[in-house]
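Trainee: Can you read through this structure? Questions will come right after.
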Amino acid sequence: QQQVKQSPQSLIVQKGGIPIINCAYENTAFDYFPWYQQFPGKGPALLIAIRPDVSEKKEGRFTISFNKSAKQFSLHIMDSQPGDSATYFCAARGTGGFKTIFGAGTRLFVKA
Amino acid sequence: GAGVSQSPSNKVTEKGKDVELRCDPISGHTALYWYRQSLGQGLEFLIYFQGNSAPDKSGLPSDRFSAERTGGSVSTLTIQRTQQEDSAVYLCASSLSQGSDTQYFGPGTRLTVL
C-alpha cells in the first residue's frame, strides 16, 4: 500500500515529441505528488508537484495530470529537447508526513 | 551556492570494513533525510532527522546501519561490516522543516563494496 508504481522503465523519443510517464498509487492518505529530475552524477531535483485538489498543473513545458479516482498521475513533457534526457522519479507523501515514497524511475532519452 | 554537500563523492571499500558517509545540509534546514539508490532502482528511504527530535530509523535495512546528526546540522551515516549488497549511491536531502514540500538533494556518495 506504500508503493508508487512507475512506468515505463525507459523511454526514447524524438526531439519535439511528448514523452509521458505514468505513476499509480494505492494509499489514499497521500496528498502531495512531486516529480524529480535526476541527471547522471547529480542528486534528484524537484521539477513540479501537484496536490489532489487539482487535476492538472503546468510549469513551462512540464505538465502533471492527476486522476484522483483512478489513483494515477502522469508527467507530460511538451516539445521535448535533448537536454531533457534524464531519469524522472514520481513520488508521493502522506498528509502531515515526511516520508516520501519514490517510484522506480524512468530513464528518458530525447534524440536530437 | 550553499546546496547540500556530501563526502566522499566515491568510496571503494572491502567487504567487512566500516564506512562513514557525511552530509552537510543547507544552512537553516531542520529536516534531513538519507536515501539509498541502487542501480536502476528508485530511492529507498533510510532515516529522517527533524530538529532535536528522535530520528525515524524505520528505513534502515539492518543494525549494521546507523546515523547521527550533530548539533542539528551535519549528519554521518555509518555502515558497519559492509557487504556487497550495500553497494549503491547514498543520497542525503534536507528541507526547511518537516512540513516543507521540497527536499533538496546532495550529489550522493557512490559506495562500492568489493
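These protein sequence lines are chains A and B, in that order.
Note that my numbering has the first sequence beginning at -3, numbered continuously upward.
Note that my numbering has the second sequence beginning at -2, numbered continuously upward.
Note that beta-carbon positions come from the ideal geometry of N, C-alpha and C, so glycine has one too.
Small disclaimer: the values here were computed from a predicted structure and weren't measured.
1) State buried or exposed for S55 (chain B), treating a residue as buried only when at least 16 other CB atoms are found within 10 Å of its CB.
2) Is the Cβ of T24 (chain A) closer than 8 Å to any Cβ of chain B?
3) Determine the extent of the beta strand (DSSP E) in which I14 (chain A) is found, giving its start and end residues.
4) Sorted by chain position, which residues of the same chain lie with C-beta nearer than 8 Å to K8 (chain B)'s C-beta, five sequence neighbours on each side aside?
5) So what's E82 (chain B) in DSSP terms, helix, strand or just coil?
6) Compare the C-beta of D21 (chain B) with all C-beta atoms of chain A and state if any pair is closer than 8 Å.
7) Could you give the C-beta distance for L104 (chain A) and D80 (chain A), rounded to a whole number, given that I count them as a contact under 8 Å?
8) What whole-angstrom Cβ distance do I8 (chain A) and I73 (chain A) have, given they're in contact under 8 Å?
9) DSSP state of D60 (chain B), grouped into three classes?
10) State the DSSP-derived secondary structure class of G79 (chain A), mapped to helix, strand or coil.
11) Let me know the secondary structure DSSP gives V71 (chain B) once reduced to three states.
12) Please return the same chain residues whose Cβ sits closer than 6 Å to the Cβ of Q38 (chain B), not counting the five positions on each side in sequence.
13) Identify whether E52 (chain A) lies in helix, strand or coil by the three-state DSSP scheme.
Mentor: On the basis of the data shown:
1) Counting Cβ neighbours within 10 Å, S55 (chain B) comes out exposed, since fewer than 16 surround it.
2) Under the Cβ distance rule, T24 (chain A) does not count among the residues neighbouring chain B, no pair being separated by less than 8 Å.
3) First-last for I14 (chain A): undefined, no H or E at that position.
4) Apart from sequence neighbours up to five positions away, the residues of its chain that approach K8 (chain B) with a beta-carbon distance below 8 Å are V16, L18, T106, R107, L108, T109, ordered along the chain.
5) Three-state DSSP puts E82 (chain B) in a helix.
6) For D21 (chain B), the answer is no, since every Cβ of chain A falls outside 8 Å of its Cβ.
7) That pair is a contact at about 6 Å.
8) Going by Cβ atoms, the distance from I8 (chain A) to I73 (chain A) rounds to 13 Å, so no, they are not a contact pair.
9) Correct three-state label for D60 (chain B): coil.
10) In the structure shown, G79 (chain A) falls within a helical segment according to DSSP collapsed to helix, strand and coil.
11) In the structure shown, V71 (chain B) sits in coil (DSSP, three-state: anything other than H, G, I, E or B).
12) Taken in chain order, the list of residues that qualify is empty.
13) It is a strand residue.
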